[in-house]
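In what follows, a structure is listed as structure tokens, so that the remarks can point back to it.
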Amino acid sequence: MVTQIDEQEAIQKILQDSRTVAVVGLSSNPERPSYDVARYLQQHGYRIIPVNPNETEVLGEHAYPDLRSIPEPVDVVDIFRRPEAVPPIVEEAIQIGAKAVWMQKGVRNEEAAERARRAGLLVVMDHCMMAEAKRLIAAGFLPDSKP
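Here's what the structure looks like:
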């Protein structure tokens, strides 16, 4: 049986323990929320890996068409896609050995979340990774930048 922790614990654990964040749906358009979030995370010491078949590079990082194409370990998969697009992304996250999946604000898919939990991944749904990092930094739970 998988031990489950509550979502706030998962948020803190992910943001404290993760170094590499694959951002699925990351756009090179600075007007898009995915760009803003990824830039903030990058500026605070996280390694960002863009995942978008329509991009070649975002924020100075090589973009990959899917999670399976990433040639290095990924700690957390941050998802900027519609809820119905989440299940195959979660399957890829499990296949590549990610430790967590994070569905951004407005994104919830209970079935995919349960599949991820059964596979041992931490899950966060309907929360902005940037907003949560800012909150934890302000509360003193996270340093202002990671090593």
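Whatever position you read off the sequence shown (first residue = 1), add 239 for our numbering. Note that CB positions come from ideal geometry on N, CA and C, so glycine has one too.
Neighbourhood of V362 by C-beta, 6 Å cutoff - its chain only, sequence neighbours within 5 removed
To locate residue 362, count along the sequence shown from 1; it is residue 123. Hits under 6 Å: V340, A352, A355, R356.
Just confirm the distance between the C-beta atoms of L280 and A372, as a whole number of angstroms; I'd bet it's less than 8 Å.
For this step, residue 280 is matched to residue 41 along the sequence shown. For this step, residue 372 is matched to residue 133 along the sequence shown. Rounded, the Cβ-Cβ distance is 7 Å, consistent with contact.
Using a 10 Å radius around the Cβ and a threshold of 16 neighbouring Cβ atoms, would you call V262 buried or exposed?
As a working note, residue 262 is residue 23 in the sequence shown. Burial call: buried.
Which of the three DSSP states is assigned to L381 in this structure?
For the purposes of this step, residue 381 is taken as the residue at position 142 of the sequence shown. Coil.
Quick check on the burial criterion: 16 or more other C-beta atoms within 10 angstroms. Buried or exposed for I288?
Reading the sequence shown from its first residue, position 49 is the one you call residue 288. Answer is buried; the Cβ neighbour count reaches 16.
P289 lies in the beta strand (DSSP E); which residues open and close that run?
Position 50 of the sequence shown, counted from the first residue, corresponds to residue 289. Unbroken beta strand (DSSP E) run through P289: 286 to 290.
What three-state label does DSSP hand E296 in the structure shown?
Indexing the sequence shown from 1 puts residue 296 at position 57. Three-state result, E296: strand.
Residues that DSSP places opposite H202 in a beta bridge:
Because residue 202 is not part of the residues shown, which for the chain are 240 to 386, the question remains open.
CB of V316 within 8 Å of CB of A302, strictly
Sequence index remark: in the sequence shown, residue 316 carries index 77 (1-based). Sequence index remark: in the sequence shown, residue 302 carries index 63 (1-based). No, these two residues do not count as a Cβ contact at 8 Å.
Alpha helix (DSSP H) containing L280: first to last residue?
Here residue 280 corresponds to residue number 41 of the sequence shown, with the count starting at 1. From DSSP, the alpha helix (DSSP H) with L280 extends over 272 to 282.
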